[in-house]
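Data first, discussion second: the structure below is written as structure tokens.
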Amino acid sequence: MGRTIFHVDLDAFFVAVERSLDPSLNGRPVIVGGLGPRGVVSTASYEARKYGVHSAMPMAVARRLCPHAVYIRGSHERYRTVSRQFMAILRDYSPAVEPVSVDEAYIDMTGSERLYGPPEQSARLIKERVSADTGVTASIGIGPNRLIAKVASGESKPDGLLLITDDTATAFLAPLPVRKLPGIGPRAAEALGRLGIETLGQLAGTPAGPLRRALGPRQAESLLRRAAGVDNSPVEARTEAKSISAETTFDHDSSDRAHLSGIILELSQRVGAKLRKSGKHAASVTLKLRYSDFSTVTRQTTLHGGPVNGDTAISEAAMRLFEAALRQRHAPVRLIGVGVSGLTEEAGQLSMLNESAPNDTAVSMAMDTIRDRFGPASIRRGRQA
Ligand code: TTP
Ligand code: MG
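Numbering (the working numbering), first residue to last: -7 to 377.
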């Protein structure tokens, strides 16, 4: 039996909330974000995006690109309220709602036809409800799995609705640039480009051999499957994301401390970027190590200064856990994971008082932008070089 998965994402979320409060902002370029000297763009309205302004860009750059925009500091409290309202609406339509960030969720709508009619009809109902109750428009992608639903909602934006079925999935995915596939970052896209692979159709049709040599067997297999639109992961009903993590399995097991430390730094940055996007702070950091004999250890620490969202705070905690784990057992490692949990809305009080914490956040956010545009290898902090 086929599944019906919705991916719902609000359009220019922070801007849309500001507009619902002040309709004079409609139709004008609007930019929400930090207005101080080190401020970063949270989001830009579609009018401002035309000038090249985008999330995580330094505010100073946005001001040069689009000086006539309306600049707003924003209020996270308002966004949280609307976010909760939004998730509650989705739960009226299915018990299987999986929030992935403040303005984005998957819904498993399989078997909902009896109640709400065919998928396009229920999607239209949801869009109308969201817009009527919150004043914010949503885009919905409908697909036979999460992957296709997510790509579809992205392609439908703004205020869009796009239905992709098993029959149309191949034709839909094939012409898209590889970067549209979740999980293909700038670095993978570059490696694929060197093989002459620009689109998902080309990727899906590439023989496994050359791809394995370029990307390693594990990533190659996974990309081939995903480029063909295959994804069996379930929608996991929950109220909020409880933890955020990233892990990597090596093609060759390693006990090289410097190499493993570098990986921990990268994973910490990936986790940090997701955490900042979710608008949250984390109270605890977890490190997972799987040794070559498949035995797995998980170590967790709670941060003394309270919840954080900067890369340095996360990577330093993860490194302390790593050193402690190595003292206990120094053997070849096949998998490393870094995670954060104890997610809260606010930063810890001590971390607010700590001079370096706001700086860690600001520097991390600036690095998010650069990595997003030029690839993860484009910037390293001093210590990492
Ligand atoms: P997104 O859904 O990524 O972006 P968006 O809703 O502004 O625009 P789109 O129509 O493309 O979906 O993020 C949701 C909100 O999260 C966004 O409004 C602001 C916040 N955010 C940040 O604060 N920093 C970031 O780097 C990103 C990507 C988002
Ligand atoms: Mg959005």
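We treat Cβ as the ideally placed atom computed from N, Cα and C, and that holds for glycine.
What do you reckon, is the C-beta of F5 under 7 Å from a heavy atom of ligand 2? Taking the first residue of the sequence shown as position 1, residue 5 is located at position 13. Yes.
A219 versus A196 - alpha carbon distance: If you number the sequence shown from 1, residue 219 lands on position 227. If you number the sequence shown from 1, residue 196 lands on position 204. Rounded to whole angstroms, A219 to A196 spans 5 Å at the Cα level.
Length of the line joining the Cα atoms of A136 and R249: Locating residue 136 in the sequence shown gives position 144, where the first residue counts as 1. Locating residue 249 in the sequence shown gives position 257, where the first residue counts as 1. Ala is not the amino acid found at residue 136; the sequence shown has Pro there. In a straight line, the C-alpha of P136 is about 43 Å away from that of R249.
For S123 and R138, what's the separation of their Cα atoms in angstroms? Looking up residue 123 in the sequence shown gives position 131. Looking up residue 138 in the sequence shown gives position 146. S123 and R138: Cα-Cα distance of roughly 23 Å.
Can you tell me where the alpha helix (DSSP H) with R282 in it begins and where it stops? Here residue 282 refers to the residue found at position 290 of the sequence shown. Where R282 is concerned, there is no enclosing alpha helix (DSSP H), although the beta strand (DSSP E) it sits in stretches over H273 to Y283.
Any chance the segment 350 to 358 sits against the segment 313 to 329, with 3 or more Cβ pairs inside 8 Å? no
Check the DSSP bridge columns for A238 and list the partner residues they point to. The count along the sequence shown starts at 1 and reaches residue 238 at position 246. V330, per the DSSP bridge assignment.
In the DSSP assignment, find the alpha helix (DSSP H) that holds E433 and state where it starts and stops. Absent from the structure is residue 433, since the part of the chain shown begins at -7 and ends at 377.
Compare the beta carbon distance of D3 and T129 with 8 Å and say whether it is the shorter of the two. Translated into the one-based positions of the sequence shown, residue 3 becomes position 11. Translated into the one-based positions of the sequence shown, residue 129 becomes position 137. The answer is yes: Cβ separation under 8 Å.
Assuming A274 contacts G329 (C-beta within less than 8 Å), just tell me the rounded distance between them. Counting from 1 along the sequence shown, the entry for residue 274 is found at position 282. Counting from 1 along the sequence shown, the entry for residue 329 is found at position 337. About 15 Å; that fails the 8 Å criterion.
I want to check one thing, is the minimum distance from the CB of E39 to the heavy atoms of ligand 4 below 7 Å? Ligand 4 is absent from the structure shown, which contains only ligand 1 and ligand 2.
Give me the residue from G103, Q77 and P111 with the minimum Cα distance to E96. As a working note, residue 96 is residue 104 in the sequence shown. Of the listed residues, the one whose Cα sits closest to E96 is Q77.
Let me know the beta strand (DSSP E) ranges lying completely inside the segment 18 to 96, each 3 residues or longer, listed in chain order. 22 to 25, 33 to 36, 62 to 64 and 89 to 93
Please list the terminal residues of the continuous alpha helix (DSSP H) segment that includes H251. Translated into the one-based positions of the sequence shown, residue 251 becomes position 259. Run containing H251: R249 to K269, per the alpha helix (DSSP H) assignment.
Going by DSSP, name the residue or residues bridged to A115. Locating residue 115 in the sequence shown gives position 123, where the first residue counts as 1. None, per the DSSP bridge assignment.
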